[in-house]
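For the sequence shown, the working numbering gives the first residue as 6, with consecutive numbering after it. Here a beta-carbon is modelled for each residue, glycine too, at the ideal position from N, C-alpha and C. Note that the structure is a prediction, hence the values are computed from the model and not measured.
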Amino acid sequence: MRQLLLTGATGGMGRASALLAASQGYDLILADLSLEKLDVLAAQCARHGVRTNCQVLDVTQQVSIDALVATLKTGGGVDAIIHTVGLSPQMAAAMRIIDVDLLGTIALLEQSRPCVKTGGCALAIASMSAYMVPTNADIEQALADALAADFSRLNILTRAGGV
């Protein structure tokens with residue numbers, strides 16, 4: 006059994022990835038904000054004869070990530086993760102984008118990593134939106150080491166003059 010986790014599954018890139026993976030015989034764990042949209046996508050994927058499991062996911066909420074990781078552990082892990090969760094500047098304010106696209110991605114991938122089977126991989130699909138806005142030296146400095154133990158949203162806000 007080959008199993009794939011798709012986050013942001015009901016969006017454009019996630020949906021296309023889910024349908025392609027289903028057509029290639031991958032069982033799927035589909036994760037996104039809307040259970041209703043997930044159910045529609047799961048039905049489309051199931052037409053390929055694969056099993057699907059839908060999981061509501063908000064990468065900014067620890068309890069949501071914990072529930073997804075518990076599902077991954079219960080299911081025996083995954084062969085790969087395709088992470089397509091993300092917001093653009095047209096969709097949200099800068100700090101919300103940082104919460105979702107950066108902090109949420111880090112939290113999800115770090116916590117789900119032990120559930121990836123040996124030889125598996127994770128792919129995080131990112132947007133080029135960050136290159137469409139002027140740089141801010143304070144934010145750039147705050148983001149320089151996003152994996153540091155003391156890294157936090159508050160650190161970014163403080164450096165950017167938001168607090």
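For VAL61, which of helix, strand or coil comes out of DSSP?
For the purposes of this step, residue 61 is identified with residue 56 of the sequence shown, where counting begins at 1. Strand, per DSSP.
With a threshold of 6 Å on Cβ separation, who are the neighbours of LEU128 within its own chain once the five nearest residues in sequence on each side are excluded?
In the sequence shown, the residue the question calls residue 128 occupies position 123. ILE87.
Contact between the stretch 103–119 and the stretch 62–71: three or more CB pairs below 8 Å?
yes
In chain order, what residues of the same chain have a beta carbon less than 8 Å from the beta carbon of ARG7, not counting five sequence neighbours either side?
Within the sequence shown, residue 7 is the residue found at index 2, counting from 1. Here the set comprises GLY30, TYR31, ASP32 and ASP84.
Can you say whether ARG52 is buried or exposed, counting buried as having 16 or more other CB atoms within 10 angstroms of its CB?
Taking the sequence shown and counting its residues from 1, the one referred to as residue 52 is at position 47. Classification for ARG52: exposed.
Tell me which residue opens and which closes the alpha helix (DSSP H) that LEU114 is part of.
Your numbering for residue 114 matches position 109 in the sequence shown. Per DSSP, LEU114 belongs to the alpha helix (DSSP H) from 110–117.
Using the C-alpha atoms, what's the distance from ALA75 back to LEU108?
Taking the sequence shown and counting its residues from 1, the one referred to as residue 108 is at position 103. Taking the sequence shown and counting its residues from 1, the one referred to as residue 75 is at position 70. In a straight line, the C-alpha of LEU108 is about 20 Å away from that of ALA75.
With the cut-off set at 8 Å, would you say LEU40 and VAL61 are in Cβ contact?
Counted from its first residue, the sequence shown places residue 40 at position 35. Counted from its first residue, the sequence shown places residue 61 at position 56. Cβ atoms of LEU40 and VAL61: closer than 8 Å.
Would you mind stating whether CYS59 and ALA48 have Cβ atoms separated by less than 8 Å?
Reading the sequence shown from its first residue, position 54 is the one you call residue 59. Reading the sequence shown from its first residue, position 43 is the one you call residue 48. Their beta carbons are not under 8 Å apart, which means CYS59 does not touch ALA48 by this criterion.
Between which two residues does the beta strand (DSSP E) harbouring LEU25 extend?
By one-based count along the sequence shown, residue 25 stands at place 20. That residue, LEU25, is in no beta strand (DSSP E); its alpha helix (DSSP H) goes 17–28.
Can you tell me whether THR89 is helix, strand or coil according to DSSP?
Walking along the sequence shown from the start, residue 89 turns up at place 84. Coil.
Quick one: what's LEU10 bridged to in DSSP?
Here residue 10 refers to the residue found at position 5 of the sequence shown. Answer is ILE34 and ILE86, bridged to LEU10.
With DSSP as the reference, label VAL55 as helix, strand or coil.
As a first step, residue 55 must be located in the sequence shown, where it is residue number 50. Coil at VAL55, not helix or strand.
Do ALA23 and CYS50 count as a contact pair if the criterion is CB distance below 8 Å?
If you number the sequence shown from 1, residue 50 lands on position 45. If you number the sequence shown from 1, residue 23 lands on position 18. Yes, Cβ-Cβ distance for CYS50 and ALA23 is below 8 Å.
Grouping DSSP H, G and I as helix and E and B as strand, with all else coil, what is THR123?
Within the sequence shown, residue 123 is the residue found at index 118, counting from 1. If DSSP states are grouped into helix, strand and coil, THR123 belongs with the strands.
Could you tell me which of LYS78, ALA131, ASP37 and ALA99 sits nearest to ALA14, measuring between CA atoms?
The residue you call residue 14 lines up with position 9 of the sequence shown. Measuring from the Cα of ALA14, the nearest candidate turns out to be ASP37.
Per DSSP, what are the beta-bridge partners of ALA129 in this structure?
Locating residue 129 in the sequence shown gives position 124, where the first residue counts as 1. DSSP lists HIS88 as partners of ALA129.
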